[in-house]
Amino acid sequence: MTMRYIPHTTGDVTQMLERIGVATLEDLFVEVPESVRLKRPLDIQEPASETELLRELKALALGNATPETHKSFLGGGAYHHFIPTVIDLLVSRSEFYTAYTPYQPEISQGTLQAVFEFQTLICQLTGMDAANASMYDGASACAEAVLMAMRLTRRKKVLLSKALNPRYRGVVATYCRYLNMELVDVAVAADGRTDLEDLAAKLDDSTAVVVAGYPNYFGVIEDVAVLAEKSHEHGAKLVTAVAEPIALGLLKSPGELGADIVVGDGQSFGLPLAFGGPYVGFFAVLQKDVRGMPGRLVGETTDLEGQRGFVLTLATREQHIRREKATSNICSNQGLCALMATIFMSLLGKQGLREMAEQNLAKAAYARKQLSGIKGFSLVFDGPAFNEFVVRSEAPVAEVLSRLEEAGILGGIPLGEDYPEMADCFLVCVTEQNQREEIDALVAALQGGAA
Amino acid sequence: MTIVGTSGLVLNEKLLFEHSNPGRKGYSLPKLDVPAAELASDLCREEIDGFPELSEVDVVRHFTRLSTWNYGVDSGFYPLGSCTMKYNPKVNEAVARIPGLAGIHPATPSHLAQGTLELMYRLQVDLAEISGFAKVTLQPAAGAQGELTGMLVIRAWHEARGSKRSKVLIPDTAHGTNPATAALTGYDVVPLASDGVLTLEEVEAHMDDSVAALMVTNPNTLGLFETNIEEICKLVHERGGLVYCDGANLNALMGIARPGDMGIDVMHFNLHKTFSTPHGGGGPGAGPVGVTTELIPYLPGPGVEFDGEMYQIETPKAASVGRMLAFHGNVGVMLRAYAYIRSLGGEGLKHASEMAVLNANYVRARLEGVYDLPYTTRSLHEVVFSDKDLEGGCHTLDVAKRLIDYGYHPPTIYFPLVVKGAIMIEPTETESQEVLDEFCDAMIAIAGEARDNPELLLQAPVRSRVRRLDETTAARKPKLRWQETS
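Those sequence lines, one after another, are chains A and B.
In short: position in the first sequence from 1, add 110, done, that's the working numbering.
In short: position in the second sequence from 1, add 27, done, that's the working numbering.
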């Protein structure tokens, strides 16, 4: 058989077998014992032509609700933002997307320079000294940050703010599962920030790390300076997790406020929602901790002729050299997604990121104001907020959200599953993509049903 | 011989930051249609120090130029062993960009996400069929995260039975991710010696009641099928352990033999290797994990379920090891892999494996006698040579660099560690006989150059945008970011 991705003609196969010195293809598999051979064809659907495939999958895609078919107010760690047209066209240059990890720097300078630029942009954004070439997503980056803090402090107690994205908390728990670590929750205060009294009560000299979101899961902006100060009093590290990095266009950088490790997700920087991935985790540290960090790093150097060039460096931290003593097992990362984020940051630049952050702030503030006046609904937290907020409903949340769906609105994420004490609440996200009419429609739909 | 490598006009390009010009912009946003809002000034930063200011043209030209300094599968032959650099079909890219699939938020309720959920479910079922496992989770983001998932599942299974085993056996041919993963799961690593393939005696000598699992790669990193796999699995099971398989090399076996039928308990797939999704200059990949029936309760969640009418995101079971990522995994990569499986069908997948094995054996036949072949057992999808017979004081690194001048991406070098000066070639099935012949001619010519004019190798590459780079200084005085003063 011939197939468009496989060039062998029958004649080629015959010639090649002859050169190898065997009679049949079967003879190439002599080392595979008869007892483990599959003696029937694979039970997989018949092959589809290009036209059939696209027709079938486009039809299936109609079963999905997206911000194109619905007014969407979903956030919670994945955000609907403006994606400049340029990004997809540039990452479709196949010299970028059909290459792999730049093991051979002489023919990988494109990837390497772009990663060096990504590392630099993440440092500038977070106020940190060094950033790696990417992690899988914000949650796994957060888990790796906890492990790094454990190695740096040689301590085992981890304090996780309950206001940290519950999915991030879940991944931290998975990664720590068999490493004899103690995970302790820190309560949320009335303003929606991490409760400082509870933190003070739980912080002690066995604490390796305190982890908080910035903004946190409820959209509230934590007082990172105070969290850092309290953590450092006990020799613990502060990890700040930024699930919505557009906020850093406006907010003080975590580095400036004293964070020791800053992680986050770059999805907001030009990556499609894609039902949760691929996204891109970022990971930034202080200069003194560079050699303890996970993941690939690109460094500047020169070639034989003195030209500037870039290489993978400090590889002695990594699994292919250090094996079981490596700082992480990560190998493949999210390179192309990091490139997308790099292009996004280049286009938006200094002014654009700030303007986008201000628009998010303004839209969410407008929505909060409008929603707060509706009978049967109230805002839960009064701390400073970015583009998300929690709404409490007198009517059951499931009913409210399903009524909104009928009006073509994805109204928010119900919080009951992750926070049983907040079963009457949902999380609303408003970005620069939500026009005023959409917000007004949300308000009208809630008004209509709440009476 | 036609030499593929040549020189063209390659353009210089500064760093983004060196192009920046205050006041320039490369974006447009709609006018704000609600009243502006303000945050307390003590929360706000000044401008982001050093962030670039560029026009759209600046940005487009910048990244276009950078792209020309790269070599990808679309540029030419990329025989990077163990990475399965096969052609990345373009229709897969179109599939991942279908608006309804690319634009859906991960928190969309299941009944409004039926399209994506159905595709994920179909992929789970197809991967289970290809591998012979009872169930597959799609969540892990890459091979190494798949390994972590699998080893967590193994540990959870042991703990549920009150077993406190502390060690994992790993052959010396393994990828570095295997021991690193075992450590992340809280296990101590016991290395096993192999002589090409793992022997039952070697496993027997180390397999006691302190050993939780054996991690194998099959076919292994020498491209050899682990012929004793059934007996080994049986022994490990008899002594209370489980067997993990690194599925990096599944491209040799589709439709030929299934790891689940060999007695293996857990295996990860690399969708970016076997199932043709692009490697993206380092990622994203995806590392689904298949398990036997007994291990299903421990799989990470959430996963996709089908009740005969609706596809649902299921809540993880109580025994689950938890979630590996914030959401449902690298769904965009899954869509591409599904498109690949649909395009080939069962027979096509088997054909792909057969042609991958044919290609590796063809390269082996053409280069045997020119380069030292340390293991002579019949190879599957890749073949490992060494630099033992190379003359002129040249080594594997020099061959690799000289291949660049000839227009090829070098093979994987110095891995597996058991072969000194290893040259690990994996051609994949998407290369024609003509391409393989040109590559082999180049390899043979290079061996001749090493003998007659070694400087050609030692100075190589000379045609690339940059020459050999000073990696020692890069590591000794790391410069990991641009700074204004630099």
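All residues carry an ideal CB built from backbone N, CA and C; glycine is no exception.
Note that the coordinates shown come from a computational prediction; the quantities given were computed from them, not determined experimentally.
Whether residue i touches residue j by CB criterion (7 Å)
{"i": "Thr208 (chain A)", "j": "Val100 (chain B)", "result": "yes"}
{"i": "Glu257 (chain B)", "j": "Val243 (chain B)", "result": "no"}
{"i": "Arg92 (chain B)", "j": "Leu38 (chain B)", "result": "yes"}
{"i": "Ala279 (chain B)", "j": "Ser380 (chain B)", "result": "yes"}
{"i": "Tyr402 (chain B)", "j": "Gly108 (chain B)", "result": "no"}
{"i": "Val238 (chain B)", "j": "Tyr271 (chain B)", "result": "no"}
Reference residue i, options the options, closest by Cα
{"i": "Ser503 (chain A)", "options": "A:Gln480, A:Asp247 and A:Ser488", "result": "A:Ser488"}
{"i": "Asp85 (chain B)", "options": "B:Gly53, B:Trp96, B:Ser68 and B:Ser94", "result": "B:Gly53"}
{"i": "Val244 (chain A)", "options": "A:Arg265, A:Met258, A:Ala394 and A:Arg129", "result": "The sequence given here has Ser at residue 244 (chain A), not Val. Measuring from the Cα of Ser244 (chain A), the nearest candidate turns out to be A:Ala394."}
{"i": "Val196 (chain A)", "options": "A:Ala517, A:Ser218, A:Leu449 and A:Val352", "result": "A:Leu449"}
{"i": "Val123 (chain A)", "options": "B:Pro167, B:Asp497 and B:Ser459", "result": "B:Ser459"}
{"i": "Ser204 (chain A)", "options": "B:Gly108, B:Phe90 and B:Leu107", "result": "B:Phe90"}
{"i": "Leu362 (chain B)", "options": "A:Leu163, A:Val372 and A:Asp137", "result": "A:Leu163"}
{"i": "Ile453 (chain A)", "options": "A:Ile484, A:Val400 and A:Phe379", "result": "A:Phe379"}
{"i": "Glu529 (chain B)", "options": "B:Phe412, B:Gly50, B:Ala477 and B:Gly349", "result": "Residue 529 (chain B) cannot be examined here, being either before or after the span of chain B that is shown, 28 to 513."}
{"i": "Ala335 (chain A)", "options": "A:Thr350, A:Leu383 and A:Gly329", "result": "A:Thr350"}
{"i": "Glu80 (chain B)", "options": "B:Leu66, B:Asn48 and B:Val489", "result": "B:Asn48"}
{"i": "Tyr285 (chain A)", "options": "B:Glu465, B:Ala209 and B:Ala232", "result": "B:Ala209"}
{"i": "Leu385 (chain B)", "options": "A:Val132, A:Tyr115 and A:Thr112", "result": "A:Val132"}
Test: residue i CB closer than 7 Å to a CB of chain B
{"i": "Gly220 (chain A)", "result": "yes"}
{"i": "Thr124 (chain A)", "result": "no"}
{"i": "Cys535 (chain A)", "result": "no"}
{"i": "Leu306 (chain A)", "result": "no"}
{"i": "Val294 (chain A)", "result": "no"}
{"i": "Pro382 (chain A)", "result": "yes"}
{"i": "Ile116 (chain A)", "result": "yes"}
{"i": "Glu465 (chain A)", "result": "yes"}
{"i": "Ala560 (chain A)", "result": "Note on Ala560 (chain A): pLDDT 46, under 50, position unreliable in the model; the coordinate value appears next. Chain B contact via Cβ: absent."}
Cβ neighbours of residue i in the same chain (closer than 6 Å, five flanking residues each side left out)
{"i": "Ile340 (chain B)", "result": "Ser137 and Pro329"}
{"i": "Tyr105 (chain B)", "result": "Met112 and His436"}
{"i": "Asp308 (chain A)", "result": "Val296 and Ala297"}
CB contact check: residue i to chain A, cutoff 7 Å
{"i": "Gly274 (chain B)", "result": "no"}
{"i": "Tyr98 (chain B)", "result": "yes"}
{"i": "Pro15 (chain B)", "result": "Since the displayed chain B opens at 28 and closes at 513, residue 15 (chain B) lies outside it and no answer follows."}
{"i": "Leu208 (chain B)", "result": "This sequence places Thr at residue 208 (chain B); Leu is not what is there. Yes, Thr208 (chain B) counts as interfacial toward chain A."}
{"i": "Val360 (chain B)", "result": "yes"}
{"i": "Phe302 (chain B)", "result": "no"}
{"i": "Leu496 (chain B)", "result": "yes"}
{"i": "Thr200 (chain B)", "result": "no"}
{"i": "Trp184 (chain B)", "result": "no"}
{"i": "Lys114 (chain B)", "result": "Here residue 114 (chain B) turns out to be Tyr, not Lys, going by the sequence shown. With 7 Å as the cut-off, Tyr114 (chain B) counts as an interface residue toward chain A."}
{"i": "Arg508 (chain B)", "result": "yes"}
{"i": "Ile131 (chain B)", "result": "yes"}
Partners in chain A for residue i, counting only beta-carbon separations shorter than 9 Å
{"i": "Cys421 (chain B)", "result": "None at all; the shortest Cβ gap to chain A is about 17 Å."}
{"i": "His520 (chain B)", "result": "In this structure chain B extends from 28 to 513, so residue 520 (chain B) is not present and cannot be described."}
{"i": "Gly306 (chain B)", "result": "Inspection of the sequence shows that residue 306 (chain B) is occupied by His rather than by Gly. Tyr207, Thr208, Ala209, Tyr210, Thr211, Ser442, Gly445 and Leu446, listed in chain order."}
{"i": "Ser102 (chain B)", "result": "Ser204, Glu205, Thr208, Ala209 and Ile217"}
{"i": "Val316 (chain B)", "result": "Within 9 Å Cβ-Cβ: nothing; Val316 (chain B) doesn't reach chain A, min ~13 Å."}
{"i": "Phe90 (chain B)", "result": "Val196, Leu200, Val201, Arg203, Phe206, Gly220, Ala224, Leu449, Thr452, Ile453 and Ser456"}
Own chain residues within Cβ distance below 7 Å of residue i, not counting five before or after
{"i": "Arg464 (chain A)", "result": "Gly359 and Leu360"}
{"i": "Thr143 (chain B)", "result": "Leu128, Ile131 and Val358"}
Chain B residues whose Cβ lies nearer than 7 Å to that of residue i
{"i": "Tyr324 (chain A)", "result": "In chain order: nothing, as chain B lies at least about 11 Å away."}
{"i": "Met113 (chain A)", "result": "Leu371, Gly375 and His378"}
Where residue i meets chain B, residues with beta-carbon distance less than 8 Å
{"i": "Asp413 (chain A)", "result": "Val493, Arg494, Arg495, Leu496 and Asp497"}
{"i": "Leu235 (chain A)", "result": "Ile75 and Phe78"}
{"i": "Ser482 (chain A)", "result": "The contacting residues do not exist; Ser482 (chain A) stays about 14 Å from chain B at best."}
Same chain, Cβ closer than 8 Å to residue i, five either side skipped, listed in chain order
{"i": "Leu135 (chain A)", "result": "Val123 and Leu127"}
{"i": "Thr342 (chain B)", "result": "Gly328 and Pro329"}
{"i": "Leu146 (chain B)", "result": "Leu128, Met361, Leu362 and Tyr365"}
Neighbouring residues, chain A, relative to residue i (Cβ below 7 Å)
{"i": "Pro488 (chain B)", "result": "Glu216"}
{"i": "Tyr54 (chain B)", "result": "Pro194, Leu457, Leu458 and Gly462"}
{"i": "Gly127 (chain B)", "result": "Ala171, Leu172, Asn174 and Thr176"}
Interface residues of chain A facing residue i [CB-CB closer than 8 Å]
{"i": "Glu156 (chain B)", "result": "Leu152, Asp153 and Ile154"}
{"i": "Tyr389 (chain B)", "result": "Met126, Arg129 and Ile130"}
Beta-carbon neighbours of residue i, restricted to chain B and to distances below 9 Å
{"i": "Thr230 (chain A)", "result": "Leu42, Leu43, Phe44, Gly77, Leu507, Arg508, Trp509 and Gln510"}
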